[in-house]
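The opening residue of the sequence shown carries number 1 in the UniProt record's numbering; numbering runs sequentially from there.
Glycine is no exception: its CB is placed at the ideal position from the N, C-alpha and C atoms.
Scroll down for the structure; my scribbles are underneath it.
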Amino acid sequence: MVNFELVINPGKEYFDELIAMTAKTEGWAVTGNEYTEFYHGFEDGLINMYMYREIESKKMISAVITATYQSTNSAVKDLIAVGYYYVMPEYRGRKFGLELFKKAMEPAENKNATLIGDTSNLPKSLKGITVKDVNEVDVFKILEFDRIIVPNHDRSKYVEQCLYRSERQVVKVALDSQNNVVGYARLSGLLNNKAGSIGPFYSDSNKIAEVLLARLLDDSSIYEAWETLNPRIISSNGRALELFRKASNDKIKLECSMHSQFTKELLPVPEEKVYGFFECGLSYI
């Protein structure tokens, strides 16, 4: 990179250019207030912008911004958030982004770090996990997993009907190395043909859920004409909301956030496994 240089905190002009480019080419939901909000909202030294630029023209090539959230608990490490990770379109594929990202992560060596991004930053694979289309998976394996979600009531016919026979949908299933189902998710079109929804969406872990969601969106084409994509989450699983925020670059629109009530007996629900429920009318999970 002889003709290029690394600059840290190059100033408001470059910062605003980065923000504008993320909106122009990626459609990110930015306001233009970010520079003032970050640099006035954090103490000195806690916001840093890393940038590669051409030495001669001073043109920005790639950039990333980090924010350090200081811990208030001695048992908890400081958190470094890494976001606005961007490479100019004409320079993509030439490792400018990778090298810059490594540089930005150096201060995070002894801290906790979180990467803020869109679906391209969701992992599409996980060691020991295979993701398949639902029609490639034995229905009895799916029903076995579903009984973990709903252990005391039979809804096997309903699950099979919804996952295998409904129209305008894509269903992905995650299996472990023993070929056991460890999660599944459905993307389906809504009646108005202008939006889609995600649910049911169950997963044994957050990492598996990330891979399922990435594959569901990456492999699907039915939603290309939709205006919005609306997940159905339960109010008690905060990880689900964070996952969809990460995937949508914080442009999430909830179809409904559910909280079930019971007249006689509270039914146990493995909330940590539920990232999206079946529908908003008759499904308690």
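{"Query": "Which same chain residues end up closer than 6 Å to I47 when comparing Cβ atoms and leaving out the 5 residues on each side of it in sequence?", "Result": "F38, Y39, A67"}
{"Query": "Less than 7 Å separating the Cβ of N206 from some heavy atom of the ligand ZN?", "Result": "With respect to the ligand ZN, the structure offers nothing, as it holds no ligand at all."}
{"Query": "Does any residue of chain B bring its CB to less than 8 Å from the CB of K12?", "Result": "Included in the structure is just one protein chain, with no chain B present."}
{"Query": "Which class does M88 belong to by DSSP, given the choice of helix, strand or coil?", "Result": "coil"}
{"Query": "For E271 and I234, which I take to be in contact (beta-carbon distance under 8 Å), what is that distance rounded to the nearest angstrom?", "Result": "6 Å"}
{"Query": "Flag this pair as touching only if the stretch 133-151 and the stretch 96-115 have three or more C-beta atom pairs under 8 Å; answer yes or no.", "Result": "no"}
{"Query": "Would you decide whether R186 is buried or exposed? Buried here means 16 or more other CB atoms lie within 10 Å of its CB.", "Result": "buried"}
{"Query": "Judging by CA-CA distance, which residue of K59, S177, Y50 is the nearest neighbour of G83?", "Result": "Y50"}
{"Query": "Between which two residues does the alpha helix (DSSP H) containing F140 stretch?", "Result": "139-149"}
{"Query": "Which residue comes first and which comes last in the alpha helix (DSSP H) that contains G11?", "Result": "Counting along the chain, G11 falls outside any alpha helix (DSSP H), and DSSP gives it neither H nor E."}
{"Query": "Run the CB neighbour count on P89, radius 10 Å, all protein chains shown included, and call it buried at 16 or more, exposed below.", "Result": "exposed"}
{"Query": "Using 10 angstroms around the beta-carbon of S74, count the other beta-carbons present and answer buried if the total reaches 16, otherwise exposed.", "Result": "exposed"}
{"Query": "Just to confirm the assignment, what range does the alpha helix (DSSP H) spanning S156 have?", "Result": "156-165"}
{"Query": "Taking the alpha-carbon of R232 as reference, which of Y202, A20, E210, L79 has the nearest alpha-carbon?", "Result": "Y202"}
{"Query": "With DSSP as the reference, label A209 as helix, strand or coil.", "Result": "helix"}
{"Query": "Going by alpha carbons, who is nearest to I65 out of E54, T72, G11?", "Result": "G11"}
{"Query": "When you compare only the Cα positions, how much space is there between Y52 and V150?", "Result": "52 Å"}
{"Query": "Can you tell me whether DSSP reads I47 as helix, strand or coil?", "Result": "strand"}
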